[in-house]
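K.L.:
To start, I am sharing the structure in question, which I have written as structure tokens.
Residue numbers (our numbering): 16 to 421.
Have a look at this one:
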């Protein structure tokens, strides 16, 4: 296990990653909706523009503001009375300022150092892509799509052990224009799951035996208004379980309100539902024939040429906040939805192995998995497993810690 993290560097995980695109804090909420829905990271990193403060190119991270996800957008629209006006609100007014979520690191930094940073709360690693180097890690590089990268060099040189805090780049060939990419915790888990053999026996151990199960999770009662999620807004992971609590205090999970579930939804319809329905109705949906007791909500559509149609009434149903088969190209134009059923939460059992949970998260592009009891009844919620819980599990082996420490 020590060799896996010592013989790989952060740059090994950047192969195949697209160049980072900065999303300016002066952009509108409507623009953020399109960026989040069309992007592959389920959220956008928000930045101040160059010139608003004096920074050097290597201090790009100093302009980072925070991370905006789909739940942030839906919650903001839900609490605003005039949603049409809210769509034009600058992102700087709703994004939660938290510069500690991103850290710029040297591409030659050890992977073990990057893992420690992510365990402390860093969600994105900003890595310069225009740096190339020669080192032993090149022989063990793994491509972003999971294929092994072959190296024809027969006599690799020794890789200098750089700290993640260092800004002194190794001897390299730099392009005139520096390019960056962002690594997420999902990228790290994707890399780790390709090294399961080197991590044995940890991956085959149950999440309960590894103490990976986190009992400190957010939840909301199904009978409570969905908008109550704003009173105790979840951040890491950005998810709250919707539960039904029995007389003995056990909680049965029926759904979840999360950035992961809302990633490709109709944000305007979801905002209306959050503002008007209970948490249970929000996640379970209501079929069209059961809508007599629910009011209509108004959704203004826009045409391709920017000319707005007259407001139309749209009745809420479970299809209204379904996944989109086609992302909106702008405005609040008509959106075709593909109904995928109710918002069933992604769950596992306490006896599930760590490898199975990691595979489950990656296959569903989820940020977390809810953990339920094995017996006597299904869906009795006992905890949650997130990226951070997995990172702690794979790095807490005493033998590993003693081996990798410089």
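Note that CB positions come from ideal geometry on N, CA and C, so glycine has one too.
#1: Cutting at 7 Å between CB atoms, please list the residues of its own chain near residue 238, excluding the five before and the five after it.
#2: If I'm right that residue 140 touches residue 120 with Cβ under 8 Å, what's the distance once you round it to whole angstroms?
#3: What residues in its chain sit with their C-beta under 7 Å from that of residue 400, if we drop five residues either side in the sequence?
#4: When you compare each of 131, 249, 48 to residue 286 by their alpha carbons, which one comes out closest?
#5: If I follow the unbroken beta strand (DSSP E) through residue 396, where does it start and stop?
#6: Could you give the residue range of the alpha helix (DSSP H) that holds residue 131?
#7: Going by DSSP, what residue range makes up the beta strand (DSSP E) through residue 259?
#8: Buried or exposed: where does residue 389 fall if 16 or more other Cβ atoms within 10 Å of its Cβ makes it buried?
#9: In terms of alpha-carbon separation, which member of 40, 263, 43, 93 lies closest to residue 289?
#10: Who are the near neighbours of residue 410 in its chain, counting only those whose CB is closer than 6 Å to its CB and skipping five residues on each side?
#11: For residue 263, does the count of other Cβ atoms within 10 angstroms reach 16, so buried, or fall short, so exposed?
#12: The beta strand (DSSP E) spanning residue 118 covers which residue range?
#13: Taking residue 406 as the reference, give the member of 268, 225, 75 with the closest Cα.
#14: Give the secondary structure of residue 100 by DSSP, where H, G and I count as helix, E and B as strand, and everything else as coil.
#15: Using only alpha-carbon positions, find the residue among 103, 144, 134, 132 that is nearest to residue 123.
#16: Please work out which residues of its chain come closer than 6 Å, Cβ to Cβ, to residue 28, disregarding the five sequence neighbours upstream and downstream, and give them in chain order.
#17: Can you give me the start and stop residues for the alpha helix (DSSP H) that residue 207 sits inside?
#18: Would you kindly work out how many angstroms separate the C-alpha atoms of residue 283 and residue 23, rounded to a whole number?
#19: Who pairs with residue 383 in a beta bridge, going by DSSP?
#20: Does the separation of the CB atoms of residue 254 and residue 236 fall below 8 Å?
#21: So, residue 88 versus residue 51, is the Cβ gap smaller than 8 Å?
#22: Does the beta-carbon of residue 193 have 16 or more other beta-carbons within 10 angstroms, so that it is buried, or is it exposed?
#23: For the pair the segment 240 to 260 and the segment 32 to 42, tell me if three or more CB-CB distances fall below 8 Å.
#24: Pop quiz: residue 370 and residue 116 are said to be a contact at Cβ under 8 Å. What is the actual Cβ separation, rounded to whole angstroms?
#25: Residue 233 to residue 246, Cα distance in whole Å?
#26: Where does residue 55 land, buried or exposed, given buried means 16+ other C-beta within 10 angstroms?
#27: Taking C-beta to C-beta, are residue 83 and residue 58 nearer than 8 Å?
#28: Can you name the residues that DSSP bridges to residue 362?
#29: In three-state terms, what does DSSP make of residue 246?
#30: Spatial neighbours of residue 137 within its chain, please: CB distance less than 8 Å, with the 5 preceding and 5 following residues excluded, ordered by chain position.
#31: Kindly indicate which three-state DSSP category residue 51 falls into: helix, strand or coil?
#32: Helix, strand or coil: how does DSSP classify residue 217 here?
P.N.:
Walking through what the data contain:
#1: Only residues of its own chain outside the window of five on either side were considered, and among them 293, 295 have a CB closer than 7 Å to the CB of residue 238, listed in chain order.
#2: With a contact defined as Cβ atoms closer than 8 Å, residue 140 and residue 120 qualify at about 5 Å.
#3: The beta carbon of residue 400 sits closer than 7 Å to those of 222, 227, 228, 229, 372, 383, 384, 386, all from its chain and outside the five residues before and after it, given in chain order.
#4: Between residue 286 and the set 131, 249, 48, the nearest pair of CA atoms involves 48.
#5: Segment 396 to 401, the beta strand (DSSP E) holding residue 396.
#6: Run containing residue 131: 126 to 134, per the alpha helix (DSSP H) assignment.
#7: Element bounds for residue 259: 254 to 260.
#8: Exposed is the call here.
#9: Looking at the Cα atoms, 93 is the closest of the given residues.
#10: Closer than 6 Å at the Cβ level, and outside the excluded window around residue 410, lie 130.
#11: Exposed.
#12: Counting along the chain, the beta strand (DSSP E) containing residue 118 begins and ends at 117 to 120.
#13: Residue 225 holds the alpha-carbon nearest to the alpha-carbon of residue 406 among 268, 225, 75.
#14: DSSP places residue 100 in helix when its eight states are reduced to three.
#15: For the set 103, 144, 134, 132, the Cα lying nearest the Cα of residue 123 is the one of 144.
#16: Leaving aside the five residues that flank residue 28 on each side, the residues in its chain whose CB is nearer than 6 Å to its CB run, in chain order, 198, 202, 206.
#17: That run of the alpha helix (DSSP H) goes 200 to 207.
#18: Taking C-alpha positions only, residue 283 is separated from residue 23 by approximately 44 Å.
#19: In the DSSP assignment, residue 383 forms a beta bridge with 401.
#20: No; because the gap between Cβ atoms is not below 8 Å, this pair is not in contact.
#21: With respect to residue 51, residue 88 sits close: the two C-beta atoms are nearer than 8 Å.
#22: With fewer than 16 Cβ atoms within 10 Å of its Cβ, residue 193 is classed as exposed.
#23: Contact between the segment 240 to 260 and the segment 32 to 42 is absent: fewer than 3 CB-CB pairs across the two stretches fall below 8 Å.
#24: So it is not a contact: roughly 28 Å between Cβ atoms.
#25: Cα to Cα, the separation comes out at about 11 Å.
#26: By the beta-carbon neighbour count (other beta carbons within 10 angstroms, threshold 16), residue 55 is exposed.
#27: Yes, Cβ-Cβ distance for residue 83 and residue 58 is below 8 Å.
#28: For residue 362, which the question treats as bridged, DSSP gives the partners 385.
#29: Of the three classes helix, strand and coil, the one that applies to residue 246 here is helix, per DSSP.
#30: Closer than 8 Å at the Cβ level, and outside the excluded window around residue 137, lie 115, 116, 117, 118.
#31: In this structure, residue 51 counts as helix in the three-state DSSP scheme.
#32: Looking at residue 217 - three-state DSSP - the assignment turns out to be helix.
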